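Data first, discussion second: the structure below is written as C-alpha cells.
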Amino acid sequence: MLRSSQPLTGPNRKRCREDETLLGTVLDEGERGFIIDTRSAQAAKQSRMTGGGTEPKSSYPRWRRLHRPLERGRPLQESFIKLVEACNDTSINMDRWLSRLESCRWLSHVKGALSTACLAAQCMDREEASVLVHGAEGTDTTLLVTALAQVILDPSCRTLAGFQGLLEREWIEAGHPFHLRCARSAYSHARLKQEAPLFLLFLDCVWQLSRQFPFSLEFDERLLLTLFDNAYASAYGTFLCNNEKERRVGREVGTPRCLCKVKESTHSLWAWLNQPGERKKYLNPLYSHNALVIWPSVEPQSIQLWQGLFFRWIRSSQYLDEAWAEIQQLVEGN
Amino acid sequence: VENVRLLDRLSSRKAALGTLYLTATHVIFVENVSETRKETWVLHSQISSVEKQATTATGCPLLIRCKNFQVIQLVIPQERDCHDVYISLIRLARPVKYEELYCFSFNPKLDKEEREQGWKLVDLNEEYNRMGIPNNYWQISDVNRDYGVCDSYPTEVYVPKSANAHIIVGSSKFRSRRRFPALSYYCKDNNASICRSSQPLSGFSARCLEDEQMLQAIRKANPGSDFIYVVDTRPKLNAMANRAAGKGYENEDNYSNIKFQFIGIENIHVMRNSLQKMLEVCELKSPSMSDFLWGLENSGWLKHIKAVMDAGIFIAKAVAEEGVSVLVHCSDGWDRTAQVCSVASLLLDPYYRTMKGFMVLIEKDWVSFGHKFNHRYGNLDGDPKEISPVIDQFIECVWQLMEQFPCAFEFNERFLIHIQHHIYSCQFGNFLCNSQKERRELKIQERTYSLWAHLWKNRADYLNPLYRPDHSQTQGTLRPQMAPCNFLYKFWSGMYNRFEKGLHPRQSVTDYLMAVKEETQQLEEELEVLGERLANLQKSQLNDNKVKSKQQDRSKQLGLSNSNNSLANTPQEYSSDLKSFPSRSPSQGDEEDSALILTQDNLKSSDPDLSANSDQESGVEDLSCRSPSGGSCLPSEDSGKDSDEAVFLA
Numbered sequence: 001m002l003r004s005s006q007p008l009t010g011p012n013r014k015r016c017r018e019d020e021t022l023l024g025t026v027l028d029e030g031e032r033g034f035i036i037d038t039r040s041a042q043a044a045k046q047s048r049m050t051g052g053g054t055e056p057k058s059s060y061p062r063w064r065r066l067h068r069p070l071e072r073g074r075p076l077q078e079s080f081i082k083l084v085e086a087c088n089d090t091s092i093n094m095d096r097w098l099s100r101l102e103s104c105r106w107l108s109h110v111k112g113a114l115s116t117a118c119l120a121a122q123c124m125d126r127e128e129a130s131v132l133v134h135g136a137e138g139t140d141t142t143l144l145v146t147a148l149a150q151v152i153l154d155p156s157c158r159t160l161a162g163f164q165g166l167l168e169r170e171w172i173e174a175g176h177p178f179h180l181r182c183a184r185s186a187y188s189h190a191r192l193k194q195e196a197p198l199f200l201l202f203l204d205c206v207w208q209l210s211r212q213f214p215f216s217l218e219f220d221e222r223l224l225l226t227l228f229d230n231a232y233a234s235a236y237g238t239f240l241c242n243n244e245k246e247r248r249v250g251r252e253v254g255t256p257r258c259l260c261k262v263k264e265s266t267h268s269l270w271a272w273l274n275q276p277g278e279r280k281k282y283l284n285p286l287y288s289h290n291a292l293v294i295w296p297s298v299e300p301q302s303i304q305l306w307q308g309l310f311f312r313w314i315r316s317s318q319y320l321d322e323a324w325a326e327i328q329q330l331v332e333g334n
Numbered sequence: 001v002e003n004v005r006l007l008d009r010l011s012s013r014k015a016a017l018g019t020l021y022l023t024a025t026h027v028i029f030v031e032n033v034s035e036t037r038k039e040t041w042v043l044h045s046q047i048s049s050v051e052k053q054a055t056t057a058t059g060c061p062l063l064i065r066c067k068n069f070q071v072i073q074l075v076i077p078q079e080r081d082c083h084d085v086y087i088s089l090i091r092l093a094r095p096v097k098y099e100e101l102y103c104f105s106f107n108p109k110l111d112k113e114e115r116e117q118g119w120k121l122v123d124l125n126e127e128y129n130r131m132g133i134p135n136n137y138w139q140i141s142d143v144n145r146d147y148g149v150c151d152s153y154p155t156e157v158y159v160p161k162s163a164n165a166h167i168i169v170g171s172s173k174f175r176s177r178r179r180f181p182a183l184s185y186y187c188k189d190n191n192a193s194i195c196r197s198s199q200p201l202s203g204f205s206a207r208c209l210e211d212e213q214m215l216q217a218i219r220k221a222n223p224g225s226d227f228i229y230v231v232d233t234r235p236k237l238n239a240m241a242n243r244a245a246g247k248g249y250e251n252e253d254n255y256s257n258i259k260f261q262f263i264g265i266e267n268i269h270v271m272r273n274s275l276q277k278m279l280e281v282c283e284l285k286s287p288s289m290s291d292f293l294w295g296l297e298n299s300g301w302l303k304h305i306k307a308v309m310d311a312g313i314f315i316a317k318a319v320a321e322e323g324v325s326v327l328v329h330c331s332d333g334w335d336r337t338a339q340v341c342s343v344a345s346l347l348l349d350p351y352y353r354t355m356k357g358f359m360v361l362i363e364k365d366w367v368s369f370g371h372k373f374n375h376r377y378g379n380l381d382g383d384p385k386e387i388s389p390v391i392d393q394f395i396e397c398v399w400q401l402m403e404q405f406p407c408a409f410e411f412n413e414r415f416l417i418h419i420q421h422h423i424y425s426c427q428f429g430n431f432l433c434n435s436q437k438e439r440r441e442l443k444i445q446e447r448t449y450s451l452w453a454h455l456w457k458n459r460a461d462y463l464n465p466l467y468r469p470d471h472s473q474t475q476g477t478l479r480p481q482m483a484p485c486n487f488l489y490k491f492w493s494g495m496y497n498r499f500e501k502g503l504h505p506r507q508s509v510t511d512y513l514m515a516v517k518e519e520t521q522q523l524e525e526e527l528e529v530l531g532e533r534l535a536n537l538q539k540s541q542l543n544d545n546k547v548k549s550k551q552q553d554r555s556k557q558l559g560l561s562n563s564n565n566s567l568a569n570t571p572q573e574y575s576s577d578l579k580s581f582p583s584r585s586p587s588q589g590d591e592e593d594s595a596l597i598l599t600q601d602n603l604k605s606s607d608p609d610l611s612a613n614s615d616q617e618s619g620v621e622d623l624s625c626r627s628p629s630g631g632s633c634l635p636s637e638d639s640g641k642d643s644d645e646a647v648f649l650a
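Quick mapping for you: the protein sequence lines, in order, are chains A and B. Per the UniProt record's numbering, the very first residue in the first sequence carries number 1; after that it's consecutive. Per the UniProt record's numbering, the very first residue in the second sequence carries number 1; after that it's consecutive.
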C-alpha cells in the first residue's frame, strides 16, 4: 500500500516520466494496481483547474482508479460541531433525535471511512493488488484510509505497541497537520479554516472495529479517549506541530512561533503510556491474538454512536465501567 | 420441490441450491452441497406473510417473512410449483383449529410426570407468597373461581383486604371487559402496590360506588400514603374519545384521593404499523446511514419503546421513592397495562431480573392476566387488526435495560430472543389462546409442554456471565436516567437482523466469558481436590488404607480419577482454544438455530449433522475441531468477506 498526494496534472494534462516509472516499478510483472482517490470524480477533475488532477489511464495503464469521496476540511468540522451540539441538547425528543443525529452526518462519515479502508484492504488481501491512496494533499483522508486499512489487515497493528507504531508512522511522521487540525475542537466559536477532526474520525472507526471484534484489539476504549485528548492538548510533545520538519527545526522567521526540537524539549506520550503501571490501564481484558484479517460490517445497523466519547461528560458510564471491571475480574480470576 | 435457490439477503450473488420440503409443521430447505447439507427449518406458525414476486428469467421468487424477523427469499424454477407452494404456505400459516398447531404434535420424549413437573416450575401462588401475601392488607380472592366475574382474569386474584366480593363484583361491572382492579405487584418494604385494571365505564358522568370503594380499598391497603396514582397509559385524546362510547377514565372529583395521570402510549394499531415500517427499513438493500436513520425515526419504533419504558420508570419511582400505590390501566387493560406493569416490576424487584423471576413475571402479568396471545400473535388465523407486537416491545425494553445495566440481569440476550421466538412458534403451550379460561378448556397442560421447563433445562446457555447476586447493579431498584437518554435507545439488530450473520460481532463475548467462568470453577474444584489429596498423602503414614478409599470416593464424586492428570495439563490449550472461540460463520450452525434444533432433535435425533450442530448451539466446544494455534479455525473472520465484498466494491 502506498500513499501520496494528488498528481499535478493541471489543465494541460502534464505528464511526469519519473512518477509514471515509479508507479510502474511498484507493480510486478502482470500485476495490476488500484488507485483509491478520496475525492469524488468530479472534485478530482475540477482540481485540474488549480494545478492538481488525477492519474490518466493512458499514462498509468496498469493502475485502475477508484473514487471514494470522503469528507474532510470544514464540512467535517461542521459535522463534528453539530454532533456535539446535538448530544448536549437536552430538549430533543425521541421523535426527533435520530433525524438530528442524521443531519450531523458524522455516522455517515464513519461508514464512508470504514468502507474505503475495507476497499483498500480488500484490494490487497483479496485481489492481491497493490494500492495507492491519495486525496488532494495526502495529509488527511489519505492517512485515515491507510492507517485504518492496516488495522484491518495487520494483526500487529492491533497490539498496543503496534498501534502506537502505526500512529507514529501513518499520522505523525506522515505529516498530518495536528497543530492545524486539532486546534480548538467543537465548542470553539473560532471556526478556524484549517481545523478538521480527521484524527477523531480515525479513532471512532477504530472504536467501531473494537466493538465488532471485541477480542481482536489489544487496547481498549480508554486508550482511544486518551489519544483524542492528547491530540488537542497534551503535556507531551508527540502530537505537536504539523510535520517532522517543524518538530525538528521549527518554523521560519516571521511565521507564528512554534516549538522546535520537540524531541529535546518535550517528553513522549508513548514513553508515559508504556510504563507498566500506565499501560495495563489501556489493555483489553478480552484480547487474544487474531492472526486473520478483520472485516467489519459497514451496514448502518453495525455502526453506532461512540457514546464513550460523545457523552463522556454528559452521562455517567458507571454501569458500563462496572461491567468492564467484572470482565477484567473474570479473566484475571481464570 | 427441487432446484430451488435460497438467496442471501445481503449478497444476491450468494445463492444456495437445494430442495424445498413442506411438512405438516415446517418448511424445510436442504442445501445440495453434500458436505454440509445445511438445513433451514421454518415453523409454519412463524410465517407472517408470503409474497409471490414477478417471475424473472431465473425463476419465480417467493418471499417468506417470519414473525421472528427471519426473511427467506426463495427462487422456484417453475411458476406452477411456485404457485402451489405459495397457496400451501398461505393455508399452513393460517391454522383454523388449535389442534393444527405444532405444540400438539411436538414430542420432546418426556413422560407424563416430567411434563407435569415442567408446568409446575412456575407457580404464581408461590410468587405472591414471596411478595409477602397474604398479609394484613392483601388477600387472595376466589370470587372469580369459575370465571364468573371476569372471563379473561385468572381464577385466583389478589385484592385489598377491605374489598369484599360485593365490591369486586360491583367494580367489575363498571370496568371494560369486567377487568376490575387487581394486584400486580406488592412492595413489602413500604406497602405500596401496583394494581391493574381496564378503563372505567364512566362515559361523561356515570359513577359506581363499588368501583370508587375499590380504589379506596387500594389506597387504604397502603397506610404510608394518603392518595394513589391512577395512571392511564393512553394518550389523553384517545381516552377522551372513549368517553363518547360510554367508557373513559377516572374523574378526580369522584374518586377521593387519587392523582390522575396520562402517560400517552399509542395503541396496538399504531404499534403494528410502526413495526411494519421498521421492518421495511431492515429490508432495504445496502441503505445509507441516512436512509437507515430517517427510516428508523419515521417508523417511530424507538420512540414507542421509550414511551413504555418511561411509563414503567414513572410507576417504579412512585412505588419506590414516593411509597405511593399505583393503579394502571389502558383501554382493556391487557396490552399497555401489561407492558407497563411488568417493566415497573422489573425495575423495582431484582427477583424479576433472575431467570426464574423473569419467567414468573411473564406468567403473572401476561399469561395469567389474560393478554390475548392468540389474537396478538396469530396462533390461529384471525383478524389482522388484532395483531400487534405488544410483548415484543416489552422484551425489547428488557434488552434496552440490559444494555444500560450489563451486570443487572441473570439472563442474557439469547434468553430474550428465544422467548420471543417461542411466543410465535407455538411449539410449547404457554402462549396459546387468549385467557387462562381458554387454556384450561383446551387442557393445554395435559396436551402440550411448557417452554419454561425447556429453557430451564438449558439455562447454562442463557446466563449472563457478568451477573453476580451481590453486585451493586443487582441490588434493589434499577434507576435508569430519564434524560438525557435518547441516545441510549439502540436499534436491536440482534433481534430484528437476527438471521443476518454478517451484521453482528463475529465473536460472542457472553459465550467466551461463560466458558472462562466455567473453566475457572472447574479449575478451582480440581485445585480443591488436589489440595485434599496432598493433605491426605501427608497424613498417609497414620492410616494407609482408610485414606485411600476416602480419596477414591471423593474423586468419583467429581468425576475425576486419581490417575487423570490431563486436567492439570489442559489449561494452556484450553484457554487458547477458548480464545479461538468459533465465531459465527455464515456457513456454520448458530446458537440461534437451537430453537430450530429442538424440532430437529425431536424428529431426526440420529442425524449426525444435527449432533454436530447441537454441540455448537449449546455452547459446548468440540475441542477436537480446534487447533491450538487458532489459525485455521476462525473461518468466520474471513468468511464474512463475501457479504462485505459486495458492499465495498458497490
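Using N, Cα and C, we set each Cβ at its ideal position, and we do this for glycine too. Predicted model only: the values in this text are computed from it and were never measured.
(message) With a threshold of 8 Å between beta-carbons, can Ser88/B be considered close to chain A, or not?
(response) No, Ser88/B lies away from the interface with chain A (no Cβ there is under 8 Å from its Cβ).
(request) Can you have a look at Val96/B and say buried or exposed, based on whether 16 or more other CB atoms are within 10 angstroms of its CB? (result) Exposed, because fewer than 16 other Cβ atoms sit within 10 Å of the Cβ of Val96/B.
(request) Could you tell me which chain C residues have their CB closer than 7 Å to the CB of Ala323/A, listed as they occur along the chain? (result) In the structure shown, chain C cannot be found, because the protein chains are A and B.
(message) Just to confirm, is the Cβ distance from Leu224/A to Tyr287/A under 8 Å?
(response) No, they are not a contact pair.
(request) Can you grab the Cα-Cα spacing for the pair Cys87/A / His109/A, in whole Å? (result) Rounded to the nearest angstrom, the two C-alpha atoms are 17 Å apart.
(message) Quick check: Ile303/A and Leu513/B, are their CB atoms within less than 8 Å of each other?
(response) In this structure, Ile303/A sits away from Leu513/B, with a CB-CB distance that is not shorter than 8 Å.
(request) Under 8 Å by Cβ, that's how I've got Val398/B and Leu346/B pegged, so tell me the actual separation to the nearest angstrom. (result) The distance from the Cβ of Val398/B to that of Leu346/B is about 7 Å, consistent with a contact at the 8 Å cut-off.
(message) Between Cys150/B, Ser176/B, His418/B, Asp211/B, which has its C-alpha nearest Tyr162/B's C-alpha?
(response) The amino acid occupying residue 162/B in the given sequence is Ser; Tyr does not appear at that position. Sorting Cys150/B, Ser176/B, His418/B, Asp211/B by C-alpha distance to the C-alpha of Ser162/B places Asp211/B at the top.
(request) To the nearest angstrom, report how far apart Ile167/B and Met271/B are at their CA atoms. (result) Each residue's alpha carbon lies about 35 Å from the other.
(message) Could you tell me the alpha carbon to alpha carbon distance between Ala271/A and Leu6/B, rounded to whole angstroms?
(response) Their Cα atoms are separated by approximately 55 Å.
(message) Tell me the DSSP secondary structure of Ser540/B in three-state form.
(response) It is coil, neither helix nor strand.
(message) Is there a C-beta anywhere in chain A that falls below 8 Å from the one on Met355/B?
(response) No, Met355/B lies away from the interface with chain A (no Cβ there is under 8 Å from its Cβ).
(request) Helix, strand or coil for Pro61/A, going by three-state DSSP, please let me know. (result) It is coil, neither helix nor strand.
(message) Can you look up Arg65/B in the DSSP assignment and give me helix, strand or coil?
(response) Looking at Arg65/B - three-state DSSP - the assignment turns out to be strand.
(message) At the level of alpha carbons, what is the spacing between Cys195/B and Glu156/B?
(response) One C-alpha to the other measures close to 15 Å.
(message) Between the alpha carbons of His421/B and Ile268/B, how many angstroms are there, rounded?
(response) Taking the straight line from one Cα to the other gives about 20 Å.
(message) Please report whether the beta-carbon of Arg65/B lies at a distance below 8 Å from any beta-carbon of chain A.
(response) Not closer than 8 Å to any Cβ of chain A, the Cβ of Arg65/B fails to qualify, so no.
(message) Does the segment 54-70 of chain A come into contact with the segment 30-46 of chain A, if we say contact requires no fewer than three beta-carbon pairs (one atom in each stretch) closer than 8 Å?
(response) Yes, the segment 54-70 of chain A is in contact with the segment 30-46 of chain A.
(message) With H, G and I counted as helix, E and B as strand and the rest as coil, what does DSSP make of Thr50/A?
(response) Thr50/A: helix per DSSP, three-state reduction.
(request) Using a Cβ cut-off of 8 Å, pull out every chain B residue sitting near Asp95/A, in sequence order please. (result) By Cβ distance, chain B contributes Glu297, Gly300, Lys303.
(request) Mind listing, in chain order, the continuous alpha helix (DSSP H) runs of no fewer than 4 residues lying wholly within the segment 251-318 of chain B? (result) Here the runs fully enclosed are 268-282, 289-299, 301-317.
(message) Just checking: is the beta-carbon of Pro108/B within a distance shorter than 8 Å of some beta-carbon in chain A?
(response) With 8 Å as the cut-off, Pro108/B does not count as an interface residue toward chain A.
(request) Please go through the same chain and pick out, in chain order, the residues whose beta-carbon is closer than 6 Å to the beta-carbon of Phe174/B, but skip the five residues on each side of it. (result) Same-chain partners within the cutoff: Pro200, Leu201, Cys208, Asp211.
(request) Could you check if Glu332/A is buried or exposed, using at least 16 other CB atoms within 10 Å of its CB as the buried criterion? (result) Answer is exposed; the Cβ neighbour count stays below 16.
(message) Classify Ala453/B: buried if its beta carbon has 16 or more other beta carbons within 10 angstroms, exposed otherwise.
(response) By the neighbour-count criterion, in which a residue is buried when 16 or more other Cβ atoms sit within 10 angstroms of its Cβ, Ala453/B is buried.
(request) Would you kindly check if the distance between the Cβ of Arg222/A and the Cβ of Lys261/A is under 8 Å? (result) Contact: no.
(message) Could you tell me the alpha carbon to alpha carbon distance between Pro61/A and Thr25/A, rounded to whole angstroms?
(response) Taking the straight line from one Cα to the other gives about 13 Å.
(message) The beta strand (DSSP E) that contains Cys195/B, what's its start and end?
(response) Where Cys195/B is concerned, the enclosing beta strand (DSSP E) stretches over 193-197.
(request) State the Cα-Cα distance for the pair Glu297/B and Gln139/B, rounded to the nearest angstrom. (result) Spanning the two alpha carbons is a distance of roughly 46 Å.
(message) Taking its Cβ as the centre, do 16 or more other Cβ atoms sit within 10 Å of Arg191/A, making it buried, or is it exposed?
(response) Exposed, by the Cβ-count rule.
(message) When you compare the CB of Met1/A with every CB in chain B, is at least one pair closer than 8 Å?
(response) Not closer than 8 Å to any Cβ of chain B, the Cβ of Met1/A fails to qualify, so no.
(message) Using the Cβ count rule (16 or more neighbours within 10 Å means buried), how would you classify Thr21/A?
(response) Counting other Cβ atoms within 10 Å of its Cβ, Thr21/A stays below 16 and is therefore classed as exposed.
(request) Would you mind reading off the limits of the alpha helix (DSSP H) that contains Glu141/A? (result) It should be noted that the sequence gives Thr, not Glu, for residue 141/A. It spans 141-153 - the alpha helix (DSSP H) in which Thr141/A sits, taken as one unbroken run.
(request) Look at Thr141/A and Arg72/A and say whether their C-beta atoms are less than 8 Å apart. (result) Annotated as proximal: Thr141/A and Arg72/A, with beta-carbon spacing under 8 Å.
(request) State the beta-bridge partners of His67/A as determined by DSSP. (result) In DSSP, His67/A forms a bridge with Asp37/A.
(message) Residues in the same chain with beta-carbon distance under 6 Å from Cys330/B, minus the five sequence neighbours each way, listed in chain order, please.
(response) Cβ contact annotation for Cys330/B (same chain, cutoff 6 Å, sequence separation greater than five): Thr233, Arg234, Arg336, Thr337, in chain order.
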